[in-house]
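Right, one structure below, let's go through it.
6 protein chains.
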Amino acid sequence: MGPTTRNDGRSPDQLREVRITRNWLDHAEGSVLVEFGKTRVLVAASVTVGVPRWRTGSGLGWVTAEYSMLPRATHTRSDREAVKGRIGGRTHEISRLIGRSLRAVVDYRALGENTIVLDCDVLQADGGTRTAAITGAYVALEDAVSHLRALGALKGEPLKDSVAAVSVGFHNGVPLLDLNYEEDAAAGTDMNIVMTGSGQFIEVQGTAEGTPFSRDELGALLDLGTAGCAELTRLQRAALQ
Amino acid sequence: MGPTTRNDGRSPDQLREVRITRNWLDHAEGSVLVEFGKTRVLVAASVTVGVPRWRTGSGLGWVTAEYSMLPRATHTRSDREAVKGRIGGRTHEISRLIGRSLRAVVDYRALGENTIVLDCDVLQADGGTRTAAITGAYVALEDAVSHLRALGALKGEPLKDSVAAVSVGFHNGVPLLDLNYEEDAAAGTDMNIVMTGSGQFIEVQGTAEGTPFSRDELGALLDLGTAGCAELTRLQRAALQ
Amino acid sequence: MGPTTRNDGRSPDQLREVRITRNWLDHAEGSVLVEFGKTRVLVAASVTVGVPRWRTGSGLGWVTAEYSMLPRATHTRSDREAVKGRIGGRTHEISRLIGRSLRAVVDYRALGENTIVLDCDVLQADGGTRTAAITGAYVALEDAVSHLRALGALKGEPLKDSVAAVSVGFHNGVPLLDLNYEEDAAAGTDMNIVMTGSGQFIEVQGTAEGTPFSRDELGALLDLGTAGCAELTRLQRAALQ
Amino acid sequence: MGPTTRNDGRSPDQLREVRITRNWLDHAEGSVLVEFGKTRVLVAASVTVGVPRWRTGSGLGWVTAEYSMLPRATHTRSDREAVKGRIGGRTHEISRLIGRSLRAVVDYRALGENTIVLDCDVLQADGGTRTAAITGAYVALEDAVSHLRALGALKGEPLKDSVAAVSVGFHNGVPLLDLNYEEDAAAGTDMNIVMTGSGQFIEVQGTAEGTPFSRDELGALLDLGTAGCAELTRLQRAALQ
Amino acid sequence: MGPTTRNDGRSPDQLREVRITRNWLDHAEGSVLVEFGKTRVLVAASVTVGVPRWRTGSGLGWVTAEYSMLPRATHTRSDREAVKGRIGGRTHEISRLIGRSLRAVVDYRALGENTIVLDCDVLQADGGTRTAAITGAYVALEDAVSHLRALGALKGEPLKDSVAAVSVGFHNGVPLLDLNYEEDAAAGTDMNIVMTGSGQFIEVQGTAEGTPFSRDELGALLDLGTAGCAELTRLQRAALQ
Amino acid sequence: MGPTTRNDGRSPDQLREVRITRNWLDHAEGSVLVEFGKTRVLVAASVTVGVPRWRTGSGLGWVTAEYSMLPRATHTRSDREAVKGRIGGRTHEISRLIGRSLRAVVDYRALGENTIVLDCDVLQADGGTRTAAITGAYVALEDAVSHLRALGALKGEPLKDSVAAVSVGFHNGVPLLDLNYEEDAAAGTDMNIVMTGSGQFIEVQGTAEGTPFSRDELGALLDLGTAGCAELTRLQRAALQ
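Chains as they are written, first to last, in my numbering: chain A, 1 to 241; chain B, 1001 to 1241; chain C, 2001 to 2241; chain D, 3001 to 3241; chain E, 4001 to 4241; chain F, 5001 to 5241.
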C-alpha cells in the first residue's frame, strides 16, 4: 500500500494509539478503560452467582453485554435513551454484537452457573466504538474470570481463546484500518471484523454505504482486518501481563 | 459437493421453492407475497409525496423499511411487540438491514422528494425471513417506483440495480444454501449475503454461532451465496415481466 | 326494502362475498384467512397447555384474543403500534370485544386447563374488520378445539354454540347489511351485532355517529343483523365440513 | 314487575339516589360532582380557545373526554395507570364512549374553534361509573358552554339536545335499572344506554356476560333504560336551573 | 411582624382555613379530605396484609405514598401522566417526600408484616399541596392503623409520633406562613418543613428560587414553620377525637 | 468536636480528597472529571445556540442538568434506566436539584438566548454523588460560559456567583462533613447543602432517615456545611486558574 496521508497522519494499515487501562473502577470485578485514539470506552465486568431463570439448573453460565453512549460522547449532544424511554436500534444492535462476540470463546460449562455482564459505556466517540468495546471487554472478561477462579467458583477454564475487533473500510479507493469518525463518515464500504486470538473469524459485517463492493475488495479488507486484530491481540496480552 | 441429504430433500446448493406474488394487496402502491418454502413474508410498499423533515428541501427522496413478525408466525406463539410496548433488538436490527440494503441501489436525486416505506410482515417463519423480505421488498419497490413514474413524479430513474439476498451456513461441515429453520438452528456458522443484480456485495454478515470460521470457509460461503443471489435475481426478473 | 344501488352493486340486505380458508398457516393449531369482500383477516389460534397464573388450579380453561392491523392494511399507511410504543384505544377495544364474544360460547370446565389465544391480524381493511375477525375466529377456535380433542386433552365439549358477527347501519335512511369502508364512513348510525348460531345475541353495539336513532330504527337494524348472522353461521358450517 | 328485593332495597326500576353538585371546583369552566348512590365522579370541563392542529382553520370546535379512576376508588386498591406507564383497554374504551356520547349533541360550527375537554375522575366506584360520568359530564358541558357564551365566543347554540346514560341488566331473570357493583358483577346480561333528552338513542351497548339474550329480553332492557334516562334528564334539568 | 396585607387578608403568620374531613370514602381503611384554603387533597389509606417481596419474612411492615394531581386541579389543564406514559420528576419527588415523612414516625416492627399505601390525589391546587397531603395523610394513616388494631393485626403501637407539614417563604422581604399559589409563585425563597407532633424536624427543604438566602433568613423561616406545624398538630388531634 | 476516627481516617470536619480535572473530554464546550474520594463524576457542558421553544424570543438563556449513574458505578450492578424504559424518581429528583442550584447564580439576560446543558454521569459512586456533581458542574459551566464569551455570544456576565455543595450528617451523635457511602448509609440525619461562593444558601435539604432532629442539631450541620462549601469554593477557584 502506498503512502496515503490520513487526516491524523497514520499510514493506511496503522492502528490509532491503543491504550488499555485495567482496574479503572474500584467496585467492578473487572474493568477497563480502552482507548482507540480519541475513542474512549469504559468497560465494567460484573459477576453474579447464578444465571437467568431460563438457564437455571442447566449447569451452564451466561455472558451478556450492554452498550451505551454518554450524551456528550459525540460532537453534538444526543438525547439520553433513558429520557426518550426507549433504546434505539443502533444501541440494541451493538449490544447484541458485543455479547455474541465474547460468547463465541466462552465454555459455558467451565464457567459454571455464573453470569458476567459487560457494560460498555462510551465516554467519548471518534469512530470504532464497537470494536474498541469488544477489544476492551475481552480484557475485562478475563479479569472477571480470574476473580471467579480466585473464589474457586469455576468448573474449568471458561475462555477458549481471546477476542479482538477492528474496523476497516475503503476511502477514496484505499483500504484503511481502524477508521476514525471522519474516515468512517466518508467511507464507501465499512466492515467490522471480530477475530479470535488464534486468527479465526467470529463476525464479519460488511456494508456498502455508497457503492457496492466486489469480491476482491472484500478480500483486501479481510487481509487488513486480520492484521489489525493480530496486533490488538498482542496489545491485549501485554495489558494482561 | 457431495449428495448430502437435507431434511427437506434439497441438495446443498439448492434454493427452496421461491414464489413471488405481486399485487397481493389492493391499496398499496406495490405489494408482494414472497415465499421461500414455508417462509412467507408480505411486503407492502407505501408511497408518500414529501420526505421526513430533516430532508425537506434537499431535492432527495427517502426509502426506509420496517420488519415485523406476526405472533404465530413461529412454531410457538410470541408476544406482540406492541403489547410489550417496545421493539426488540432483533426487529430493529433486521429493519435497519432491509432499509440499508435497498437504499444501496437507490438514486435519491432521481427519486425526487418522495418517500417509499417498505413494510415487511412475516406471516409465517421457517428460516431466512430477512433474506426473503429483502428479495421481495425489491420487487415491491420496483412496483412503487413504476407508480411514481406513471404519476410523472420522478426526476430520473431511481433504481440503479436490483437487490436480492440469501442465507448460507455450515452444517456438519457442509456449506448449505438458503437455510430453513432447522438447519439455521443447527448451523455452526451462519451468513446473510445481500447482492446487487450485477453481482456486487451490499452486505455480508457472517456470525460464528458455534466454532469460529476460517478464511477458506468464509470463501466457500461467499461462493454459494453469490450463486444463490444470481438465481434469485433471475426469479425477480421473471416476476416483474 | 327497495332496490337501492350500493357502491359495490349489492342489495341492502346482502353480504359481501365471504371466503373462509382454513389451515392457511402450517404451525398454528387452527388458522383461517377470512375475507368479507376486500376485508382480509388472518386468524391464528394458538393452543397452550395451562392457564394464566391467576386461574391455575381452577380446572377452568381460558380463551383470549388480540386484534391488530398491518400498517398498510388501510388506504393510507398508519404507524405501527409497536413503533409508537403503545396500543391504541380502538385496538384494545376490538381485542376485548372479540375475546368476550368467543368466551360467551365456551364451557371453561369442558376445555380443561388449556389456553387458546386467537390472533386476528388484519391484512387488508375495507370495513367490518372486527365482525370478519369474530366470524373467522370462531372457525379457528373450532379447529383448535379439535386439536385438543385429538390429544385427549378436553374434559368435555367446550363449544356450546357457534358465533358470527356482522355490521349494519343506516345510510341515506336505508338500513344496510355488512358495510364496506365507504358505507361505514358515511353511515349516520352504525351497529355491530354478534350472535350465536342458535340466534341469540352476544353483543349489540350501536352508535349514532351523526343523528341519534329511534327505537324503530334500532329494530330495523336488529332484523337485518339477525338475518346476516344466520347466513354467516351457514357459511361457517360449510367451511367446517 | 313484581316486588323484587334488591340488595339496597330499591325496586327493579328505581335509580339510586342521584346527586348533581355543580361548581365543585374553583378553577374549571364547568365542574360537577355527580353521585349515583355510592358511585362518585368528579367531572371538570376545561375550555380552551383553539382546536387541535388537524382541525385548525375548519371553523369547527372539538369536544373530547378522559376517564380515569383513583387507585382506591374500588374495594381493593389498583395500581395507577401512570405508574404502569400505559392506559388500560377499559379506560380507553370508556373515555371514547363518553366523548362520542357528548359529541352526538354538539353542533361544532356553533361551538366555533373552541375545545372543551371533559375530565371524568372516579373518586369512588360502586357500579355505573361510565353512565354517571356521561350524565354528569353533560351538565358540566352545559356550564362550559355558558362560559363561552358569556365571553361572546360562540357562533350559535352548540348544544342540540341533552345527554343522559344509565345501565340496565338481567339478574336472576329480572331486568334491573342502574346496577350497583354487586348487581353488575352478578348480572348475566349488562347494557349501557345513552340517550338524548328527547328520547332518541345515542349508544346501545349490550353484552352477554353469561347466557346470550333473546330479542325480547333486549326489548325489556331498552324499555327500562329509556325510562331511566328520562328520569335522569329531569334531574339534570333541575340541577341546571 | 407588622400588619402586612396578604392577597387573601391573612396576617403573615396565619394558616389558611384548614379542614380535615375523615371517612370521605366508603371503601378505604382510612380516608381524609384535607383542605388548606382552596387546596383540596383526597388521601386514601389502603391496608394490605403482607409486605413487598424484598421485605417478606423480616417481621417488618411497610408504608409508602403516591401523589398525583387531577388534570384540572390547576388554573389551566395539564395532561395526565398516564396519557403521557411517564411520571414527571415533580410527582416522583413529592411522592418520595410524603412516604419518607410518614415513615419517620413508624415503628415497622410494631406494624407487623402489613403494608399501608397512602394515595394523595390533589383535587384542587392552590399552593401547598405537598404539605396539605402530608398533614392529611398522617390522619388517614392513624385511621388505617386503628383498622389494623381492631383486627388484632398489630405487634405493638406502630406510631411513635404524629407528623404535620407546612410551607413558608419570603415575599417582599416578609416571611409568610402557608403560601397560596400566588404567594408561592412570587416567593424568592420557599421552604417546606415537616415536623413531628413533639416539635422535632423530619424534613427541611429550602430553595432559593430567586436570591440566595442568609443564615438569619433561614432562622426566621424555621421559626415560622415550627409554629405552623404546632397549630396543624392541634388541628389533627381535634379531627381525630 | 473530639478526634472521632472515621472509617477512612478523616476528622469529622474534613473533606475527602477533591480532584477537579478540567477538559477531560475533547468535544464538550466544558468538561470536568470531579472526584470526592472514590466518587467520580464526569460533567459535560454542552452549549447550543437558541433556547427551548417556550422561551424563544424572550431574550433569556437557559441552563439545565441531567444526572445519571452508570450501571456498575455502585457496589452491585443496577439495571440501566434506558433498559427499564423509565427514569427513576431519585434520578429525576437529583437532576432537578442540580439544575436549580446552578440556575440560582445565572443571569439569563446576560446569557442571551443560549442553552447550556450539564450532563453529570456518575462513573463511580461512594456517597455524595449529587454534591460532587454540583461542585463539578459549576466549573464546567464556567468553561462553557468562557466558550460563549470567546464567540462574542454573551450579552453580559451571566455568572453572578459560584456554586458548591456538600453533604453533612449525624453519625453516632457526631456531625460529619462529606459522607462517604458507608457513613451515608449509617447516618440518622442527612443533609445536602448548596451554597454560593459568597456564603449564602441556595438549597438546604435535610432528612431524618432515623430519628427526627432538633433545631440545635440542624444548626450544627449548617455550620459544618458552611465551612465545607467555603473550602470547595477555594478548590474550584484553584482549578479555574
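Glycine included, each C-beta is placed from N, C-alpha and C at the ideal position. Quantities reported herein were computed from a predicted structural model and do not represent experimental measurements.
In this structure, DSSP gives ARG4040 of chain E an extended state, which the three-state scheme calls strand.
Uninterrupted alpha helix (DSSP H) stretches at least 4 residues long and entirely within the region 5100-5162 of chain F occur at 5108-5111 and 5129-5150, given in chain order. GLY2037 of chain C is a Cβ neighbour of ASN2180 of chain C, given a cutoff of 8 Å. The region 2188-2206 of chain C and the region 3206-3216 of chain D touch, with three or more beta-carbon pairs separated by less than 8 Å. Listed as beta-bridge partners of ASN2192 of chain C by DSSP are C:SER2167 and C:GLN2205. For a cut-off of 8 Å, the C-beta gap from THR3039 of chain D to ALA3125 of chain D is around 6 Å, short enough to register as a contact. By a beta-carbon distance limit of 8 Å, ARG4077 of chain E contacts VAL3117 of chain D. Their separation comes to about 6 Å. Within the same chain, VAL5166, VAL5168, MET5191 and ILE5193 come within 7 Å of GLY5225 of chain F by CB-CB distance, once the 5 residues on both sides are set aside. Nearest to VAL5105 of chain F by alpha-carbon distance, out of F:GLY5059, F:ARG5130 and F:ASP5161, is F:ASP5161. Note on SER4011 of chain E: under 16 other CB atoms within 10 angstroms of its CB, so exposed under the neighbour-count rule. Only those residues of the region 2057-2075 of chain C whose C-beta falls short of 8 Å from the nearest C-beta of chain B are listed: GLU2066, SER2068, LEU2070, PRO2071, ARG2072, ALA2073, THR2074 and HIS2075. Following the DSSP letters along the chain, one finds LEU4224 of chain E inside the alpha helix (DSSP H) bounded by residues 4215-4240. Under a criterion of Cβ atoms nearer than 7 Å, the residues of chain D adjacent to GLU4081 of chain E are, in order, ALA3082. Taking 8 Å as the cut-off, the beta carbon of HIS5147 of chain F is found closer than this to the beta carbon of GLU5029 of chain F. Neighbours of ARG96 of chain A in chain B, taken as residues whose beta carbon is under 9 Å from its own, are GLY1089, ARG1090 and GLU1093 in chain order.
The three-state secondary structure of LEU177 of chain A, taken from DSSP, is strand.
Closest in alpha carbon position to THR5 of chain A, among A:LEU176, A:LEU222 and A:THR207, is A:LEU176. Here VAL5049 of chain F is exposed: its Cβ has fewer than 16 other Cβ atoms, across all protein chains shown, within 10 Å. Across the region 3198-3215 of chain D, CB contacts with chain C closer than 9 Å involve SER3198, GLY3199, GLN3200, PHE3201, ILE3202, GLU3203, VAL3204, GLN3205, GLY3206, THR3207, ALA3208, GLU3209, GLY3210, THR3211, PRO3212, PHE3213, SER3214 and ARG3215, in sequence order along the chain. Under a criterion of Cβ atoms nearer than 7 Å, no residue of chain F is adjacent to ALA4220 of chain E; the nearest Cβ is some 13 Å distant.
With its beta carbon at least 8 Å from every one in chain A, ALA1239 of chain B lies outside the interface.
Taking all protein chains in view, the Cβ of GLU5157 of chain F is surrounded by fewer than 16 other Cβ atoms within 10 Å, so the residue is classified as exposed. The straight-line gap separating the alpha-carbon atoms of LEU2218 of chain C and GLU3217 of chain D is approximately 15 Å.
In the structure shown, the three-state DSSP call for GLU5081 of chain F is helix. Annotation: the continuous beta strand (DSSP E) that includes ILE1020 of chain B extends over 1018-1022.
The alpha-carbon of ASN7 of chain A is positioned some 24 Å away from that of LEU235 of chain A.
The beta carbons of PHE3201 of chain D and GLY2228 of chain C sit no closer together than 8 Å.
Listed along chain F, the residues sitting closer than 8 Å to GLN124 of chain A by beta-carbon distance are LEU5025, ASP5026 and HIS5027. The contact set of ALA4150 of chain E on chain F, defined by CB atoms closer than 7 Å, is empty, because the minimum CB distance reaches about 28 Å.
Against chain D, the CB of VAL4117 of chain E has a partner CB under 8 Å away; the residue lies at that interface. Bounds of the beta strand (DSSP E) holding VAL4063 of chain E are 4062-4069. For ARG1086 of chain B against GLY2085 of chain C, the beta-carbon gap comes to about 6 Å, under 8 Å, which counts as contact.
When Cβ-Cβ separations below 8 Å define contact, SER4046 of chain E makes contact with chain D.
By the neighbour-count criterion, in which 16 or more other beta carbons inside 10 Å mark a residue as buried, ARG5100 of chain F falls on the buried side. Counting the other CB atoms within 10 Å of its CB gives GLY9 of chain A a total below 16, which places it among the exposed residues.
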